[in-house]
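In terms of the working numbering, the sequence shown opens at residue 3 and continues consecutively.
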Amino acid sequence: MSDKIVATYVLARPAAEAARAARQVAVEQTVEVPESLITPDIERRVVGKVLEVVPGGGPELFKARIAYEPELSGWELPRLLNLVYGNVSLQQGIRLVDLELPPAFLARFKGPNYGLAGLRKLVDVHDRPLLATALKPSGAPISEFETLAYDFVRGGGDVLKDDQNLCDADLKAFAERVKRVQAAVDKGNAKAKTKAVYCPILCGPADELEARVDAVLKAGAKGVLAPPMLLGLDTVRSLAAKKKLVVLAHPSFTGTFFSDRSHGVTPALLLGTLFRLAGCDASIFPSPGGRFGFTKEECRDVSRALHGPLGRLAPAFPAPAGGMTYTSLPGLAAVYGVDSMFLVGGGLLSHDRSVYEATKAFIEAIGGLFPSRSGRVCPP
């Protein structure tokens, strides 16, 4: 493994311009000055080094690997993002597709508090994918959320999260809702002899974040739903580092990175590698076939990024979501394998049975797909 930070870009450029475009990225991302101002010393110590430029899998697409000195990242997430995709994110036809981080950089990060093994131990489920759902719709009375939470947990559900659209009137209302929902989860756990986890949404002004976390902890909740691109990637990292909470990442506000496949960042890198680096124990992303445009291969790549080697950081749960139904479970199992979390919202809540009965049915179906754990964790 290199001791440099190596970023791989796909450049949408004619063949005659590819090498020059790669050099421009290396200069723009490190010194941002005309070539005439780059002294030999600055070239040696600071400017990114173009390692190779090769065909990138399509007409007028070229893959460029550029090595950066790790010191230029400040050994932190904000400056890492600025180093590998700062100014060039404002240009067109430059997509960041891979990031190789040296051991010295990864050693600075704690990563997920629980990860795959820890979260399985927390909910005491070891032989199947986890089942999650969301409190919705926004605007429903808390009493309905209490009933939903109780029925889902009593039916054997593992992870209950707030919908990302839930909006409380103020901090006091947030604390009251979280307290009541967690009490319903506790009641369901006692009834079913389970250990389901509730993750309230953290999405509000920065100066209230600590108070909201305190409200979550006071209520006895063991996790939070954190949208890293709304709160800030390093804010989530700091939260995970300071509090022993399950951090469930939501992809809200990330779509602009993926909508143009000749630009932006790959889902695997953002929702997988970077969210895991920020300490997320599970990462939600849209599964193929729903109302979002991710391909099966993109989803598999996210799953691999969450499971694969990343220094000493624990693997995290891929949490596919979006338009998932009872009948889609076999296909999901084939794509994601046993070490995944199936986030089923409308498909469970609008089932023709009660939430309790629907949850039992989903749990039975999921368990039936994995009679043993002899298969691969992450299918090819």
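Note that the Cβ used here is the ideal one computed from N, Cα and C, for glycine as well. Computed from a predicted model, the values in this text were never measured in an experiment.
| request: Go to Arg239, then tell me how far its alpha helix (DSSP H) extends in each direction, as first and last residue. | output: Leu235 to Lys244
| Beta-bridge pairing of Tyr200 - partner residues as DSSP gives them | Leu162
| field | Supposed contact pair Ala284 and Met231 - C-beta distance, whole angstroms, cut 8 Å | value | In fact, because the Cβ distance is near 16 Å, the residues do not count as touching under 8 Å.
| field | Residue from Ile96, Pro104, Lys181 and Pro320 whose Cα sits closest to the Cα of Phe277 | value | Pro320
| field | Reduced DSSP category for Tyr116 - H, G, I as helix; E, B as strand; rest coil | value | coil
| request: Using the Cα positions of Ile96 and Trp77, report the straight-line distance between them to the nearest angstrom. | output: 24 Å
| request: Name the one or two DSSP bridge partners that Lys51 has. | output: Ala69
| Boundaries of the alpha helix (DSSP H) in which Arg156 is found, first to last residue | Ile144 to Arg156
| task | State yes or no: is the C-beta of Glu148 nearer than 7 Å to some heavy atom of the ligand COA? | result | Absence of the ligand COA is noted for the structure shown, with no ligands found whatsoever.
| message | Out of Gly266, Leu150 and Arg46, which one is the CA nearest neighbour of Gln93? | response | Gly266
| query | What span of residues does the alpha helix (DSSP H) with Gly348 cover, start to end? | reply | Gly348 to Leu351
| field | Residues bridged to Lys266 [DSSP beta-bridge criterion] | value | Position check: residue 266 holds Gly in this sequence, whereas Lys was assumed. In DSSP, Gly266 forms a bridge with Arg97.
| task | Taking 8 Å as the threshold, find out whether the segment 59–67 comes into contact with the segment 237–245 through three or more Cβ pairs. | result | no
| Cα-Cα separation, Val56 to Val99 | 14 Å
| query | In whole angstroms, what is the alpha-carbon distance linking Gln26 and Ala20? | reply | 10 Å
| task | Mind checking which residues open and close the beta strand (DSSP E) that includes Leu227? | result | Gly225 to Ala228
| Nearest CA to the CA of Gln31: which residue from Pro104, Ile365, Gly50 and Pro16? | Gly50
| message | Between which two residues does the alpha helix (DSSP H) holding Tyr87 run? | response | Leu79 to Tyr87
| When the distance is taken between beta carbons, is Gly190 closer than 8 Å to Val155? | yes
| request: Output the residue ranges of the alpha helix (DSSP H) runs that lie fully inside the segment 18–53 and measure 4 residues or longer, sorted by chain position. | output: 20–30 and 42–47
| said: If I measure Cβ to Cβ from Val33 and keep anything under 7 Å in the same chain, skipping five residues before and after, which residues do I get? | reply: Ile40, Ile44, Val48 and Val49
| request: Within the same chain, show all residues whose beta-carbon is closer than 6 Å to that of Asp164, passing over the 5 residues directly before and after it, in chain order. | output: Leu137, Pro202, Ile203 and Leu227
| message | Taking its Cβ as the centre, do 16 or more other Cβ atoms sit within 10 Å of Gly349, making it buried, or is it exposed? | response | buried
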